[in-house]
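Under the working numbering, residues 288 to 679 are what the sequence shown spells out, in order. C-beta atoms are modelled at their ideal positions from N, C-alpha and C, and glycine is treated no differently. Every value quoted in this text rests on a predicted model; they were computed, and no experiment measured them. Below is one structure, written out as structure tokens, with a few remarks after it.
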Amino acid sequence: MRVLYLLNFAGKAGTERYVETLVRTLKNDGRIEPFFVYNIEGLLVERMGQMGVPTRRLEMKGRFDKQAARALADLCREWKIDVIHAQYLRENYIAMLSKRWNPDVKVVYTSHFIQANNWYTRMSNRIMAPRQDGVIAVCTAGKEQLIQNGLDGPNIMVVFNGVDPDMWAANKARPSALRQELGVGEDTYVMLCASRFAEDKGHAFLIEGIRLLKDQVERPFPLALAGDGPLMDGFQEQVQRYGLEDLVTFLGFRKDIGDLLHGSDLYVNASRHEALSFLIIEALACGLPVVVTNMGGNGDIVNDETRCGLLVEYDNPADLAFALKKMLEHPEDAEVFRRGALKAVQTRFHMDRMVGDTYGLYESVMQNGRLGGPPPRGLGARRATGTPEKEG
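Now the structure itself:
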């Protein structure tokens, strides 16, 4: 089976790790022959080249870019592609439009966000529905939102993101340099947050929670912030304004995330928007308990069944400080969460399960056509080619 992975920006975030995991695993075991098409170059292009994956750049100006759709159709015929696996709305629409010139190709779409669409996009989703062969939502809340956005519920499969627990456990064999970098000993409780410095990642409220926690506990608890982004300078100023320079360290963008996780005692996620964060799952795979906001798909990860951490209310610094204090002062609870973290990865968020379910979807649409069967009555009544071109 020949699968083309379509991604506008081939950067270094969770979606890129998702695509890389699918490509590497399915290529190595011979289940697919992968191909990769992108618009904006980034780290993932380099990694595809290292794996020997045929790669091509395709300019994609917007979701209704007919020129890009036609070029994609030509490329799919050249490479004899069976399935296009699109990431994000723009790429998905272009892939579906390409069926006008290459109707036999199957189009699968993974929705990595939980985002309400406006009325225009909801209408467009309904018009385009007949061309969609299958949809993957990475969390339960994601599927619910897609249905509200006008997609066909029976055509959506929930497939949790997954990681390789053996790979993350292997990192533990190497001593972490994080504590030395922070200048702290083994008895110090180290917290880690690795997120891009953007408004929706919640750093402002996280730093406010640390300010409250400082006055509530005696045990030292440095917070390491890994990542880059346009708002980093502002958050550094916030730390200085609160006098937290001795507690909060900015590490910058790091590729050694395994080392950072194994040098930490707790992983913290303060985001307003999450579907199913790879970083949270990677922390679990390293045996870290987590404190995460009760947003998006985080409830699929942290709940009474998994018992791997605590959920906190977004933008509630007092709630966050209370949860962090509980982790600091109750090591017996943290140990329960640590065991739950490792079990959750093995049973729910294992890479083999994610890859197997995704490949099963490929097989299903190849053998049986559209995942949800014929579009329900009322969907796709208008021709997709009549969609306005000005959008995007």
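Taking the CB atoms as reference points, tell me whether residue i and residue j lie closer together than 8 Å.
i: Met-519; j: Phe-537; result: yes
i: Arg-506; j: Tyr-529; result: no
i: Val-450; j: Phe-624; result: no
i: Arg-483; j: Asp-515; result: yes
i: Leu-611; j: Gly-496; result: yes
i: Leu-648; j: Val-394; result: no
i: Arg-350; j: Ile-319; result: no
i: Arg-334; j: Glu-307; result: yes
i: Ile-401; j: Gly-583; result: yes
i: Leu-658; j: Met-444; result: yes
i: Val-228; j: Val-332; result: Coverage of the chain is limited to positions 288 through 679, which leaves residue 228 absent and any answer about it impossible.
i: Gly-660; j: Pro-441; result: yes
i: Val-579; j: Ile-567; result: yes
i: Asn-389; j: Arg-364; result: yes
i: Ala-416; j: Leu-438; result: yes
i: Tyr-601; j: Gly-489; result: yes
Bridge partners for residue i per DSSP, in chain order?
i: Leu-510; result: Met-478 and Val-535
i: Tyr-322; result: With the sequence shown as reference, residue 322 is identified as Phe, and Tyr is not the correct amino acid for it. In the DSSP output, where bridge partners are listed per residue, Phe-322 has Leu-291.
i: Gly-596; result: Val-577
i: Val-392; result: Paired residues: none, contrary to the question.
i: Met-444; result: Ile-423
i: Asn-556; result: Val-579
i: Ile-327; result: Phe-296
i: Glu-398; result: The question names Glu, but residue 398 in the sequence shown is Ser. Answer by DSSP bridge pairing, in chain order: Ala-424.
i: Val-450; result: His-637
Under DSSP, the alpha helix (DSSP H) around residue i begins and ends at which residues?
i: His-637; result: Neither: His-637 is in no alpha helix (DSSP H) and is coded neither H nor E.
i: Leu-499; result: 490 to 501
i: Asn-405; result: Segment: none, Asn-405 is in no alpha helix (DSSP H) and carries neither H nor E.
i: Val-306; result: 301 to 315
i: Lys-353; result: 353 to 366
i: Pro-417; result: Segment: none, Pro-417 is in no alpha helix (DSSP H) and carries neither H nor E.
i: Phe-682; result: With the chain covering 288 to 679 only, the question about residue 682 has no answer from this structure.
i: Lys-613; result: 604 to 616
i: Asp-587; result: 585 to 588
i: Leu-681; result: The structure shown does not extend to residue 681, since the chain is modelled only from 288 to 679, so the question has no answer here.
Could you check where the beta strand (DSSP E) with residue i kicks off and where it finishes?
i: Leu-658; result: Run containing Leu-658: none; DSSP gives neither H nor E here.
i: Ile-568; result: Unbroken run through Ile-568 is the alpha helix (DSSP H), 565 to 572; no beta strand (DSSP E).
i: Gly-343; result: The sequence shown places Arg at residue 343, not Gly. Start and end: 342 to 344.
i: Ile-247; result: For residue 247 there is no data in the structure shown, the boundaries of the chain being 288 and 679.
i: Tyr-529; result: Where Tyr-529 is concerned, there is no enclosing beta strand (DSSP E), although the alpha helix (DSSP H) it sits in stretches over 519 to 529.
From residue i to residue j, what distance separates their C-alpha atoms?
i: Leu-291; j: Gln-633; result: 29 Å
i: Glu-468; j: Ala-557; result: 24 Å
i: Pro-321; j: Ser-398; result: 20 Å
i: Phe-447; j: Thr-645; result: 10 Å
i: Lys-430; j: Trp-406; result: 18 Å
i: Gly-656; j: Glu-616; result: 55 Å
i: Glu-524; j: Leu-553; result: 24 Å
i: His-549; j: Ala-464; result: 9 Å
i: Gly-586; j: Val-577; result: 12 Å
i: Glu-650; j: Thr-593; result: 31 Å
i: Asn-436; j: Glu-486; result: 24 Å
i: Asn-581; j: Ala-456; result: 27 Å
i: Val-589; j: Glu-622; result: 15 Å
i: Leu-571; j: Val-535; result: 22 Å
i: Arg-669; j: Glu-619; result: Note that Arg-669 scores 35 on pLDDT, short of 50, meaning its location in the model is unreliable; the coordinates nonetheless yield the value given after this. Distance between the alpha carbons of Arg-669 and Glu-619: 60 Å.
i: Arg-387; j: Pro-341; result: 24 Å
i: Ser-411; j: Leu-384; result: 12 Å
i: Val-392; j: Gln-419; result: 11 Å
i: Glu-678; j: Lys-348; result: Caution applies to Glu-678, whose pLDDT of 37 falls short of 50 and renders its modelled position unreliable; the value that the coordinates give is listed next. About 10 Å.
i: Val-599; j: Arg-304; result: 26 Å
i: Ile-368; j: Ala-428; result: 31 Å
i: Gly-301; j: Tyr-375; result: 13 Å
i: Glu-346; j: Ala-360; result: 14 Å
i: Gln-527; j: Gly-317; result: 53 Å
i: Arg-409; j: Lys-299; result: 29 Å
i: Gln-654; j: Gln-337; result: 32 Å
i: Gly-574; j: Ala-373; result: 32 Å
i: Ile-414; j: Gly-539; result: 44 Å
i: Ala-631; j: Met-614; result: 19 Å
Any beta carbon from chain B within less than 8 Å of residue i's own beta carbon?
i: Asp-474; result: Structure shown: chain B not included; a single protein chain is present.
For the ligand MG, is there any heavy atom lying closer than 7 Å to the beta carbon of residue i?
i: Ile-544; result: Only the bare structure without any ligand can be found here, which leaves the ligand MG out of the picture.
TODO: Evaluate contact between the segment 600 to 609 and the segment 539 to 554, counting only Cβ atoms and requiring at least three cross-stretch pairs below 8 Å.
DONE: With a cut-off of 8 Å, the segment 539 to 554 and the segment 600 to 609 do not count as touching, because too few Cβ pairs lie within range.
- [ ] Say whether the segment 476 to 488 touches the segment 509 to 518, bearing in mind that this needs 3 or more beta-carbon pairs closer than 8 Å, one atom from each stretch.
- [x] Contact between the segment 476 to 488 and the segment 509 to 518 is present: three or more C-beta pairs spanning the two stretches fall below 8 Å.
- [ ] Evaluate the contact criterion for the segment 346 to 358 versus the segment 306 to 315: three or more CB pairs, one atom per stretch, below 8 Å.
- [x] Segments in contact, no.
Task: Stretch pair the segment 421 to 437 + the segment 562 to 576: three plus CB contacts closer than 8 Å - done: Cβ pair count under 8 Å is three or more, so yes.
Task: Three or more C-beta pairs below 8 Å linking the segment 378 to 390 and the segment 636 to 645 - done: These segments do not touch.
Task: the segment 291 to 302 in contact with the segment 326 to 335 per 3-pair CB rule at 8 Å - done: With the cut-off at 8 Å, the segment 291 to 302 and the segment 326 to 335 touch.
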